[in-house]
Each structure stands twice: as structure tokens, then as C-alpha cells.
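Asker: Take a look at this one; I'll ask things after.
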Amino acid sequence: MPSHTRDDIMNTLTVQQIEELTGLPAPEGAGPEKERAYRELAWENIKVDVESRDAQVPLDAEVGGRD
């Protein structure tokens with residue numbers, strides 16, 4: 004997943020781009036409040052994905068100096 008900032012998610016990317024990035028279905032015909040809630044949810048999901056990835060223990064092949 005490419006790295007994006009909260010500002011990207013909240014202000015720069017389109018709802019369609021966020022949907023492609025996160026896999027969260029975009030709300031259709033949503034007003035500003037629903038779109039903002041969608042963007043907040045997408046940002047929370049991205050943070051969880053990054054935290055989960057960073058918490059994983061690397062495979063032996065990924066650890067330098069181990070043969």
C-alpha cells in the first residue's frame with residue numbers, strides 16, 4: 004500500500020481513489036457529512052494496516068545475516 008498522509012485521505016484523494024486504495028466501498032451520492040465519515044474510516048483502516056504490518060515478525064529470509 005502506498006503511503007499517504009491524513010491530509011491526502013481527508014482533502015486530496017477522491018472518494019474513488021480511496022475506495023481503490025482501501026477496498027472500502029465508497030458511499031454513493033453521499034453528502035458532506037457521510038463523505039467525511041467515510042474518509043475518517045478509510046484513514047483509520049490505513050493506520051490499522053500500517054500498525055499491523057509494522058508489528059509482524061519478519062520471516063527468516065527477511066532478516067539480514069541469518070543463513
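Here my numbering is used: the first residue of the sequence shown is 4, the next is one more, and so on. For each residue, glycine too, the CB sits at the ideal point set by N, CA and C. Keep in mind it's a predicted model, so treat the numbers as computed, not measured.
In three-state DSSP terms, what is LEU27?
Answerer: LEU27: coil per DSSP, three-state reduction.
Asker: Closest by CA to PRO28, which one among THR15, GLY34, MET13, LEU44?
Answerer: Of THR15, GLY34, MET13, LEU44, the residue nearest in Cα terms is LEU44.
Asker: Compute the beta-carbon to beta-carbon distance between ARG42 and ILE12, rounded to the nearest angstrom, for a pair I have assumed lies under 8 Å.
Answerer: Yes, they are in contact, since the Cβ atoms of ARG42 and ILE12 sit about 6 Å apart, within 8 Å.
Asker: If I measure Cβ to Cβ from ARG9 and keep anything under 6 Å in the same chain, skipping five residues before and after, which residues do I get?
Answerer: Closer than 6 Å at the Cβ level, and outside the excluded window around ARG9, lie TRP46.
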